[in-house]
Amino acid sequence: MSELSATPALPAGLIIELVTPLTATGSLDAEGLARLVDHVAPYAQGIVAGSPGLGEALGLPDSLRLELLRRLIELWPGPGPLFFGVTADTRDKTWDLIQEFEAACQNRYYDYQLYWLDLPLWYHSNRGLPASYQQFLTAVKHPLVLLNQPDFVQRRAKPWKHPNLRTAVFKKLTGLSEIKGLIFRGEMSRFLNYHRAALSRPDFALYEGNESRFLSRPGSHGLVSVGAQLYPAAWQEVTHACQHPEDLAQQPGAQARLWKLSTGLLRLAQCYESAPAALLKTALQELKIIKHDTTGPATIPAAAGAKETLLDLMEVRR
326 MSELSATPAL
336 PAGLIIELVT
346 PLTATGSLDA
356 EGLARLVDHV
366 APYAQGIVAG
376 SPGLGEALGL
386 PDSLRLELLR
396 RLIELWPGPG
406 PLFFGVTADT
416 RDKTWDLIQE
426 FEAACQNRYY
436 DYQLYWLDLP
446 LWYHSNRGLP
456 ASYQQFLTAV
466 KHPLVLLNQP
476 DFVQRRAKPW
486 KHPNLRTAVF
496 KKLTGLSEIK
506 GLIFRGEMSR
516 FLNYHRAALS
526 RPDFALYEGN
536 ESRFLSRPGS
546 HGLVSVGAQL
556 YPAAWQEVTH
566 ACQHPEDLAQ
576 QPGAQARLWK
586 LSTGLLRLAQ
596 CYESAPAALL
606 KTALQELKII
616 KHDTTGPATI
626 PAAAGAKETL
636 LDLMEVRR
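If you want the working numbering, it's the 1-based position in the sequence shown plus 325.
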């Protein structure tokens, strides 16, 4: 698939992962989605939407996921990429969903790169995974980015033995040119193993999906942030400073100001990380970006008092 092999390199910097705005009755909140995209677009190098976790995709009907994709293709201005979740409960259903999504993209104009985002360990074990991808990648029209998200994989009633991609398996996956990158959530030691395993692919992007760790050790291609949809300008500034600390040398007082800003963002991150979809929707409702904080039926609810704590922290930040 030479067309996908020639795909432009993934951008470094801040990628913002979006919630899926829903109405009070559980349908897609198209107006809220438009406001959310407008809110983050000036600051993001790309966006993630319809993801298995924050995007609640696995608990939403396929028709709503398809509507979300169609709306985002029209709304997202680029030039950075759109990463859109395609994971379903089985390999065959995932493949069927990709085909449906690709049919929906035909004859639609968008001036940016579209990537399918997949969490393979949700429906497939490590054993035979590279071969499984090889079987259908030749027919896929858009490149893939993978997710490693062990805490989410472990929610399955019968999870696979290993909720992380094994390093040897990951190395084989980097040998597939149609797979362009990975969003990593997990232990730091595994992240370093993945980094070494991907050295043969200089174009392979390894994004950090843990906000707290990125702020202390920004050694990745960039950050995929869920909290940046609340304060995108602040997260853009902090992300740039983490990746380019040399720029601070010419700005008196910048380090102290950035430390204060990142400390505040870190406190917020620690507050919403227990139930990110539910809590971030409440926060976005408070900011009047979405009208409702409705979540899908399978989404983890916020613990008692968590919403109030988050809103109090947001008030302090103002």
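Note that beta-carbon positions come from the ideal geometry of N, C-alpha and C, so glycine has one too.
Keeping to the same chain, check which residues put their C-beta closer than 7 Å to that of residue i; ignore five residues upstream and five downstream.
i, result
"N489", "N473, P475, G511, R515"
"M639", "A608, E611"
"P402", "A366"
"T619", "L347, T348, A349, G351"
"R433", "I398"
Among the options, which has the Cα closest to the Cα of residue i?
i, options, result
"L636", "G621, L335, K496, L612", "L612"
"Q595", "L573, V551, W584", "V551"
"D354", "R582, Y458, H617, P626", "H617"
"T419", "R396, S457, L397, L498", "S457"
"W584", "S352, A559, Q575, G621", "A559"
"L586", "C567, P527, D414", "C567"
"L517", "K505, G500, K496", "K496"
"S541", "V563, Q554, L555, Y556", "V563"
"E356", "T415, F539, E399", "E399"
"L442", "L379, G453, L358, Q460", "L379"
"V478", "L446, T492, Q460", "L446"
Based on the DSSP output, what are the partners of residue i in its beta bridges?
i, result
"S550", "I341"
"D443", "L471"
"G410", "L442"
"L385", "DSSP lists no partner for L385."
"L347", "L353"
When you compare the CB positions of residue i and residue j, do they come within less than 8 Å of one another, or not?
i, j, result
"E381", "A602", "yes"
"A395", "I614", "Ala is not the amino acid found at residue 395; the sequence shown has Arg there. No, Cβ-Cβ distance for R395 and I614 is not below 8 Å."
"T624", "G375", "no"
"F408", "V362", "no"
"A369", "P557", "yes"
Span of the beta strand (DSSP E) holding residue i?
i, result
"K505", "504 to 509"
"I614", "It is not in any beta strand (DSSP E) - I614 carries neither H nor E in the DSSP assignment."
"V373", "371 to 374"
"A530", "530 to 533"
"L335", "Counting along the chain, L335 falls outside any beta strand (DSSP E), and DSSP gives it neither H nor E."
Report all residues from its chain with a CB closer than 8 Å to the CB of residue i; omit the five preceding and five following residues, and keep chain order.
i, result
"M326", "With a pLDDT of 39 at M326, under the threshold of 50, the predicted position of this residue should be treated as unreliable, and no value is reported."
From what residue to what residue does the alpha helix (DSSP H) around residue i run?
i, result
"K418", "416 to 430"
"H565", "557 to 568"
Which same chain residues, not among the five before or five after residue i, have their C-beta less than 6 Å away from its C-beta?
i, result
"I508", "L472, Y532, G534, V549"
"P468", "L329, T332, Y440, E503, K505"
"R416", "Y448, H449"
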